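Take the sequence shown: its letter number 479 is residue 479 in full-length UniProt numbering, and every next letter is one higher. Heads up: the structure comes next, in structure tokens.
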Amino acid sequence: MKIINKFLLIGLAVGVCFTSCNTEELHDLNINPQAVNEIDLNFMFTAAQLGSASGGSAGDNRYIDWRTNIGMTAYLIQHLANAGGGIAPGDKYTENFESNSAPFEFFYGDALKNISEVIKQTGPGGYDEGNKVNTRNAARIMRVLNFHRLTDFYGNVPYFDALQGMEGVFFPEYDEQSAIYPDLLKELDEATAAMSTSNPDDGFSGADIIYEGDIAKWKKFGYSLMLRLAMRVSNVSPQMADEYVTKAIAGGVMESNDDNAWVPMSEGPSLWINQNGISRAFYPGDGGQPGYLSNTLVDWLKAGATTEDEVDPRLMIISGGIADWSAVAWTPTNTNPLEQKGMPNGYDGAGLDELEGESVDLVTTYSRINYLMLQRDAPYMFMNYAESAFLQAEALERGIGSGIPNSAKEHYESGVKGAMQMYTPFDPSLTVSDDEVNAYLQRHPYGVEKPGLEMIGEQMWVSKFFNWWEAWSDWRRTGYPQLTPTNYPGNITQGQIMRKLRYPASEVAANANFQTGATLPDINTTRVWWDVAN
1 MKIINKFLLI GLAVGVCFTS CNTEELHDLN INPQAVNEID LNFMFTAAQL
51 GSASGGSAGD NRYIDWRTNI GMTAYLIQHL ANAGGGIAPG DKYTENFESN
101 SAPFEFFYGD ALKNISEVIK QTGPGGYDEG NKVNTRNAAR IMRVLNFHRL
151 TDFYGNVPYF DALQGMEGVF FPEYDEQSAI YPDLLKELDE ATAAMSTSNP
201 DDGFSGADII YEGDIAKWKK FGYSLMLRLA MRVSNVSPQM ADEYVTKAIA
251 GGVMESNDDN AWVPMSEGPS LWINQNGISR AFYPGDGGQP GYLSNTLVDW
301 LKAGATTEDE VDPRLMIISG GIADWSAVAW TPTNTNPLEQ KGMPNGYDGA
351 GLDELEGESV DLVTTYSRIN YLMLQRDAPY MFMNYAESAF LQAEALERGI
401 GSGIPNSAKE HYESGVKGAM QMYTPFDPSL TVSDDEVNAY LQRHPYGVEK
451 PGLEMIGEQM WVSKFFNWWE AWSDWRRTGY PQLTPTNYPG NITQGQIMRK
501 LRYPASEVAA NANFQTGATL PDINTTRVWW DVAN
């Protein structure tokens with residue numbers, strides 16, 4: 001009876017309205033007064049920068065770092081080693097669905113979604129059309145950064161039709177990486193050139209947490225990213241590489257560590273928000289990754305040293321020594337550079353016992369990441385000047401592009417200096433003097449111990465500690481350093497270093513375009529388009 005009365009009252013109300021309400025009033029009844037019709041694009045741009053720093057949600061910014069940047073790529077390129085199993089599939093080439101899926105799910109679901117909305121609403125038909133020119137073009141640069149990382153992980157991905165659910169495209173077609181890269185480079189060319197101090201700021205400087213609205217630095221970032229992408233395709237599309245290396249140099253790339261692209265982080269407002277995702281993945285007492293350095297990295301940094309002064313000064317910046325992380329308090333027990341010891345990749349605890357000939361206490365045996373670089377409010381780096389210098393050195397060695405000033409040797413030495421002196425944003429004590437840099441370069445002169453290209457490749461590898469996905473891409477492209485694969489029992493690659501990530505099972509099952517457009521076979525040893533070097 002109550003139900004009947006309820007419907008009678010609703011019918012009476014509707015009848016009264018039809019007799020007394022005009023059309024405009026009826027329309028107003030369908031408008032939710034609590035709804036947000038326009039989103040603050042400055043806020044969305046900031047959120048996109050923060051989300052891009054973790055590759056995923058700013059609300060859980062350790063997810064993709066823990067599972068993919070660390071758990072997969074840091075071990076694949078042998079910067080870290082791990083005696084455990086499931087949390088380090090890159091160490092032993094084992095299956096881990098979350099490590100494979102995380103970038104695909106989080107890039108599309110967070111950072112790229114926010115970036116695309118900023119671009120859409122500042123473009124034709126958007127509610128902020130024609131305004132926020134610098135915000136729009138900085139968002140375009142950020143979109144390139146995220147999409148190039150995504151396609152480098154998987155190969156072919158939805159690109160041209162991606163993120164158009166509002167337009168009814170729920171299952172976008174896949175695009176070949178060979179078609180994605182030219183558009184990424186075109187976007188960088190247009191967007192970087194369009195940024196100007198003559199454009200109205202309209203909140204850009206306040207929303208920009210990377211460069212605080214410094215247009216000159218944004219241009220250097222955009223052109224340095226163009227240099228990276230141009231060199232990434234240099235083995236498969238030399239003409240495109242030549243064209244865009246030339247454009248990047250003409251536009252102006254990073255010139256010092258002052259141009260480095262850092263995203264600031266903070267301790268608050270809660271445990272899961274705004275904190276550095278890499279730091280949180282290692283944080284003691286939080287079930288994190290153990291942080292042991294690989295012997296490949298430690299031995300490289302110690303190579304040829306007979307005294308403490310001859311050890312690469314980066315060793316005791318990257319390494320905090322042999323240390324106890326059992327609690328939040330960090331207790332280094334051995335900080336002698338010559339006595340640092342990396343863990344071999346591809347071994348479990350029993351294997352390490354057999355290798356060392358005794359029962360191994362991991363904590364007192366192997367070096368770990370410097371805890372000073374793992375504070376939860378430590379900044380997050382997108383790109384550094386050293387990479388720009390090394391890429392110019394490589395381009396000169398290979399005769400790619402034109403207009404690059406100075407010699408390959410000069411760019412190499414500038415890159416080494418930049419790489420050694422870029423760590424002070426983590427902690428002011430992590431300094432390397434000019435005298436230390438010069439002494440290192442005298443001990444290891446360019447092109448003498450090894451060919452120039454090999455030395456460049458190895459230096460880029462070291463300079464991307466923390467940016468492990470990029471070090472993995474560099475290794476796949478250049479073949480440097482010459483890594484020795486592991487062959488842990490039961491691995492899924494037959495002892496080969498993984499070359500790409502597998503797509504999420506949900507995407508394989510739901511998107512009918514997968515079978516006709518994805519990079520197949522969908523296994524970790526399949527190579528992406530530009531991966532032809534080694």
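C-beta atoms are modelled at their ideal positions from N, C-alpha and C, and glycine is treated no differently. Only a predicted model underlies this, so the values are computations on that prediction, with no experimental measurement involved.
For residue i: DSSP bridge partner residues
i	result
Met381	Trp262
Ala81	Tyr292
Val157	Asp175
Environment of residue i [buried if 16+ CB atoms lie within 10 Å]
i	result
Ser433	exposed
His27	At His27 the pLDDT is 47, less than 50, meaning the model places this residue with poor confidence; the figure from the coordinates comes in the next sentence. That one is exposed.
Ser402	exposed
Arg62	buried
Asn370	buried
Asn30	Unreliable positioning characterises Asn30 in this predicted model, as indicated by a pLDDT of 47, which lies under 50. The coordinate reading is nonetheless provided below. Exposed, because fewer than 16 other Cβ atoms sit within 10 Å of the Cβ of Asn30.
Val144	buried
Ala261	buried
Pro313	buried
Gln49	buried
Asp299	exposed
Lys247	buried
Thr424	exposed
Tyr154	buried
Ala505	exposed
Met166	exposed
residue 569	In the structure displayed, the chain extends from 1 to 534; residue 569 sits before or after that span and is not available.
Ser196	exposed
Lys186	exposed
Own chain partners of residue i with C-beta closer than 6 Å, once the 5 adjacent residues on each side are dropped
i	result
Leu483	Gln78
Thr335	Gly321
Ile70	Ala281 and Gln289
Pro344	Asn295
Pro172	Pro158, Asp161 and Ala162
Asp427	Leu372
Tyr292	Ala81, Met343, Tyr366 and Arg368
Val311	Lys302, Ala305 and Pro337
Lys409	Tyr446
Leu374	Ser279 and Phe282
Glu413	Leu441
Phe382	Ala261
Beta-carbon spacing of residue i, residue j below 8 Å
i	j	result
Asp189	Met226	yes
Gln392	His411	yes
Gly452	Ala83	no
Met265	Asp377	yes
Ser367	Gly351	no
Asp208	Asn131	no
Lys500	Arg527	yes
Asn96	Pro89	yes
Glu394	Met231	yes
Leu76	Met498	yes
Gly346	Thr486	yes
Ala241	Ile400	yes
Tyr380	Ser256	no
Met72	Ser99	yes
Thr192	Gly268	no
Gly415	Ala389	yes
Asn146	Phe106	no
Same chain, Cβ closer than 8 Å to residue i, neighbours up to 5 away in sequence not counted
i	result
Asp183	Tyr159 and Phe160
Phe514	Tyr174, Tyr503, Glu507 and Val508
Gly479	Gly457, Ala533 and Asn534
Close beta carbons around residue i, own chain, < 7 Å, minus the five adjacent residues each side
i	result
Lys217	Tyr211 and Asp259
Met44	Asn114, Glu117 and Val118
Asn156	Tyr174, Asp175, Glu176, Gln177, Gly517, Ala518 and Thr519
Glu129	Thr122 and Gly123
Asn235	Arg477, Trp530, Val532 and Ala533
Ser205	Glu212 and Gly213
residue 559	Residue 559 falls outside the range modelled here, since the chain spans only 1 to 534, and no answer is possible.
Pro521	none
Phe465	His79 and Ile318
Inside the stretch 269-349 only - alpha helix (DSSP H) runs reaching at least 4 residues: Runs of the alpha helix (DSSP H) spanning 4 or more residues and lying entirely within the stretch 269-349 occur at 277-282, 295-302 and 315-318, in chain order.
Uninterrupted beta strand (DSSP E) stretches inside the stretch 364-448 (no shorter than 3 residues): The stretch 364-448 is shown to contain whole beta strand (DSSP E) runs of 3 or more residues at 367-369 and 380-383, in chain order.
Residue ranges of each alpha helix (DSSP H) within the stretch 449-481, 4 or longer: Correct list: 452-463 and 468-478.
Whole runs of the alpha helix (DSSP H) within the stretch 63-130, excluding any shorter than 4 residues: If one requires a minimum length of 4 residues, the alpha helix (DSSP H) runs lying completely within the stretch 63-130 are 89-92, 97-106 and 112-121, in chain order.
Every unbroken alpha helix (DSSP H) inside the stretch 223-263 [4 residues or more]: Segments of the alpha helix (DSSP H) lying fully in the stretch 223-263: 238-251.
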